[in-house]
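Engineer:
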Amino acid sequence: MTASDIAARFERRFGQSPRTFRAPGRVNLIGEHTDYNEGFVMPAAVQFSTYVAIAPRADGKLLIHSEQFPGDLEFDADRLPQQRTGAWCDYVLGVAAVLQKRGVDIAGANILVHGDVPIGAGLSSSAAIEVASALALMSLSSTQLPLPEIAKLCRRAENEFVGARVGIMDQFVSCMGKAGHAFFLDCRSLDYKLVPIPSGIELVVCNTKVKHDLATGEYNRRREECEEGVRRFAKWNPTIHALRDVSVEMLHQHVRDLPEIIAKRCTHIVLENQRTLEAADALAAGDLARLGTLMRESHDSLRDLYEVSCRELDIMVDSAEGLPGFIGGRMTGGGFGGCTINLVREEDAENFAAQIADRYRKATGIEPQTYLCTAEDGAREISLSPSAR
Ligand code: GLA
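So the sequence shown is numbered by the numbering used here: it starts at 16 and just counts up by one.
(1) Which same chain residues, not among the five before or five after N222, have their C-beta less than 8 Å away from its C-beta?
(2) Give a single yes or no on whether V181 has its beta carbon closer than 6 Å to a heavy atom of the ligand GLA.
(3) Could you tell me if V263 is buried or exposed, where buried requires 16 or more neighbouring beta carbons within 10 angstroms of its beta carbon?
(4) Tell me the DSSP secondary structure of Y321 in three-state form.
(5) Could you have a look at P211 and say whether DSSP puts it in helix, strand or coil?
(6) Within 10 Å of its beta-carbon, does Q186 have 16 or more other beta-carbons around it, so buried, or fewer, so exposed?
(7) Just to confirm, does H283 get its C-beta within under 6 Å of one of the non-hydrogen atoms of the ligand GLA?
(8) Drop a sphere of 10 angstroms on the beta-carbon of A23, count the other beta-carbons inside from all chains shown, and report buried for 16 or more, exposed for fewer.
(9) With three or more C-beta pairs closer than 8 Å as the rule, is the stretch 273 to 289 touching the stretch 77 to 93?
(10) Please return the same chain residues whose Cβ sits closer than 7 Å to the Cβ of G30, not counting the five positions on each side in sequence.
(11) Determine the DSSP secondary structure at S402, reduced to helix, strand or coil.
(12) Between the alpha carbons of H80 and I183, how many angstroms are there, rounded?
(13) Among T389, S334, E336, D373, which residue has its Cα nearest to the Cα of E361?
(14) Taking all protein chains shown into account, decide if E396 is buried (16 or more other Cβ within 10 angstroms of its Cβ) or exposed.
(15) State the DSSP-derived secondary structure class of L160, mapped to helix, strand or coil.
(16) Between the Cα of K42 and those of A70, E82, A124, S189, spot the shortest distance and give me the residue it belongs to.
(17) Check whether the Cβ of D185 lies closer than 6 Å to any heavy atom of the ligand GLA, and answer yes or no.
(18) Just list the alpha helix (DSSP H) runs in the stretch 169 to 210, keeping only unbroken ones of 4 residues or longer that don't cross its boundaries, in chain order.
(19) List the endpoints of the continuous beta strand (DSSP E) containing F90.
(20) Using the Cα positions of P274 and H256, report the straight-line distance between them to the nearest angstrom.
(21) Keeping to the same chain, check which residues put their C-beta closer than 8 Å to that of A403; ignore five residues upstream and five downstream.
(22) How long is the line joining the alpha carbons of A295 and M310, rounded to whole angstroms?
(23) Relative to the C-alpha of L8, which candidate in K167, P85, G118 has its C-alpha closest?
(24) Can you give me the start and stop residues for the beta strand (DSSP E) that M346 sits inside?
(25) Shortest alpha-carbon distance to E173 belongs to which of E82, G349, Y375, E145?
(26) Excluding five sequence neighbours on each side, which residues of the same chain lie with their C-beta closer than 6 Å to the C-beta of T291?
(27) Consult DSSP for E145 and reduce its assignment to one of helix, strand or coil.
(28) Measuring alpha carbon to alpha carbon, tell me which of S398, D20, M346, A335 ends up nearest F367.
(29) Determine the DSSP secondary structure at G130, reduced to helix, strand or coil.
(30) Name the one or two DSSP bridge partners that P39 has.
(31) For a minimum of 3 consecutive residues, which ranges assigned as the beta strand (DSSP E) are wholly contained in the stretch 210 to 270?
(32) Sorted by chain position, which residues of the same chain lie with C-beta nearer than 7 Å to D329's C-beta, five sequence neighbours on each side aside?
(33) Where does P33 fall in DSSP's three states?
(34) Thinking G123 and K76 are a contact (beta carbons under 8 Å), I'd like their distance in whole angstroms, please.
(35) For R305, which residues in the same chain have their Cβ closer than 6 Å to its Cβ, ignoring the five residues on either side in sequence?
Structure, rendered in C-alpha cells:
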C-alpha cells in the first residue's frame, strides 16, 4: 500500500486530502514474556503495517472509517469513551483518550484506517494501529512528542482502555525499529541497541492459523504468577523489584522453595533474559549456530515452563528441523497460536516456506500461511507533499 493509494481512498470517502502515517507490526526473535518483567527482548519491525490517514473536521466529531470493517463510527471529540467499547476502533479511541488525558488537544477529524498486519497472528496488529493513530491524532494539534514517549502512551491505551496488560515491546519496536536490524531493548531502562541482521538471512514467519481463546486470560494470569514470584524473591532479598533482578544463582538457590508453577514461570523468565543477552551477542558476532540453539531453547522453555505454546505451534517449530538452510526457530509473540519465526538462509527461504507448509498441513490438516519478512523502519509520516502527487 502506498501513500497515494491511501490518500485516494480517503479522498473518495471524505473529499479531503489527508496526512498519512504508517506504523509496522513486528516479529520477536527472542525474549518472550520478558518485557513486563523489566527484562530484555529482541524484536524487529516488519513490512506488515497499519496506515492511518487524517484530516480535520469543523464539527468536533471524530469519524472513523475503514474499508476492512463495516460501518463508520462517530464520537464527540470532547466526550470520548474512557473504556473499551468492543468496536474494532477501540485502539484508535484508546489512544485518543490517553492523549487527551495528557493534555493533547483532540479536535474533530475524519480518520481512515487501513491495515495489512494479519490480525490475531501475534504480529502486533494492535501496536501498529495504536502507534499510527497516535502520530495521526497528534499531527492535527501539531503536538510533537519523542517516539519513546509515544510508545509508552500507546501501551497505556492498551493497558487502561483496552484492558490488556501488555508490556512495552510491541509499541516500542513499532515506533523505533530500523530496517535491516533487530532491536535489542532493555525494557527497564528503555536503552536499546540496533543489531544488524547479516545479509543472506531471511525471516520466515509461519502462521499456524489458529488462535486459542485463552490467550488474553492466560496472558494476564502469567503476569500475576510472575508478580507472585517477585513477592517471594523479595522476601529473601529486598533488592528484587522484578524478575529481571533475579540472577541465575539466586534462582537455583531458591527454586525448590517456590510452588511448582511459580518455579517454572520464574525459571523461564530468568533464563530467557540470559538467552536474549547472549542472542544479541551471537547475532552481532555472526554466530548463527549459537543463535539457532538459543531460539530452540527459548521455544522449549515457553512450551514446558511458561506453558504458552500449543500443539500447532509445536508442530510448526518441529517441522522446521532438518530443512535446508534452517538456522533456528521458535514461537513468536504471546503464544496460544499465531506464528513462528524462523531464520533461514536466503537462497533456501522459498523452498523452506513450501516444505514447512507441507509438513504442517500433513500433520494438522490446517493450511498455514508463510511470509518472507524483512526488518523495516519504525513508524513515520508517509504523506506525499502536494507537489509530488
Ligand atoms: C504480547 C505483548 C508483549 C509481550 C509479548 C510476549 O505480544 O503485547 O508486550 O509481552 O506478548 O513476549
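Glycine included, each C-beta is placed from N, C-alpha and C at the ideal position.
As the structure is a computational prediction, the values presented were derived from the model and not from experiment.
Structural biologist: So, from the listed chains and residues:
(1) Closer than 8 Å at the Cβ level, and outside the excluded window around N222, lie P133, A136, G353, C354, P383, Q384, T385, Y386.
(2) Taking the Cβ of V181 as the reference point, at least one heavy atom of the ligand GLA falls within a distance shorter than 6 Å.
(3) A residue is called buried when at least 16 other Cβ atoms come within 10 angstroms of its Cβ; V263 does not meet this threshold and is exposed.
(4) Reduced to three states, the DSSP call for Y321 is coil.
(5) Three-state DSSP puts P211 in a strand.
(6) Buried: at least 16 other Cβ atoms inside 10 Å.
(7) Because no heavy atom of the ligand GLA lies under 6 Å away, the Cβ of H283 does not count as near it: no.
(8) Within a 10 Å sphere around the beta-carbon of A23 sit fewer than 16 other beta-carbons, which makes this residue exposed.
(9) The stretch 77 to 93 and the stretch 273 to 289 do not touch, with fewer than 3 CB-CB distances between them shorter than 8 Å.
(10) Around G30: no qualifying Cβ.
(11) Note that S402 has pLDDT 44, beneath the 50 cutoff, so the model's placement of it is unreliable and the number below is only indicative. If DSSP states are grouped into helix, strand and coil, S402 belongs with the helices.
(12) Between the C-alpha atoms of H80 and I183 there is a straight-line separation of about 27 Å.
(13) Minimum Cα-Cα distance from E361 among the listed residues T389, S334, E336, D373 corresponds to T389.
(14) It is exposed - the Cβ of E396 has fewer than 16 other Cβ atoms within 10 Å.
(15) Of the three classes helix, strand and coil, the one that applies to L160 here is coil, per DSSP.
(16) The displayed chain sequence assigns Val, not Lys, to residue 42. Per the Cα distances, S189.
(17) Result yes, Cβ under 6 Å from the ligand GLA.
(18) Counting only runs of 4 or more, we get 184 to 191.
(19) Per DSSP, the continuous beta strand (DSSP E) segment holding F90 begins and ends at 88 to 91.
(20) Approximately 19 Å between the Cα atoms of the pair.
(21) Annotation note: pLDDT 42 at A403 (below 50); position unreliable, coordinate value reported separately. Closer than 8 Å at the Cβ level, and outside the excluded window around A403, lies no residue.
(22) Those two C-alpha atoms are separated by around 11 Å.
(23) Outside the shown range of the chain (16 to 404) lies residue 8, about which nothing can therefore be said.
(24) Per DSSP, M346 belongs to the beta strand (DSSP E) from 341 to 346.
(25) Checked all of E82, G349, Y375, E145; the closest Cα to E173 is E145.
(26) Excluding sequence neighbours, T291 sits near I45, G46, F55, M57.
(27) In this structure, E145 counts as helix in the three-state DSSP scheme.
(28) Of all alpha-carbon atoms in S398, D20, M346, A335, the one lying nearest the alpha-carbon of F367 is that of A335.
(29) Shown here, G130 sits in a strand according to DSSP, grouped into three states.
(30) Looking at the DSSP assignment, P39 forms a beta bridge with S64.
(31) Positions of the beta strand (DSSP E) runs, each at least 3 residues long and wholly inside the stretch 210 to 270, are given as 216 to 226 in order along the chain.
(32) Sequence-distant partners of D329 (beyond 5 residues in either direction) whose C-beta falls short of 7 Å from its own C-beta, in its chain, are R318.
(33) For P33, the secondary structure class from DSSP, reduced to helix, strand or coil, is coil.
(34) Sure, about 5 Å apart at Cβ, within 8 Å.
(35) Contacts found: A297.
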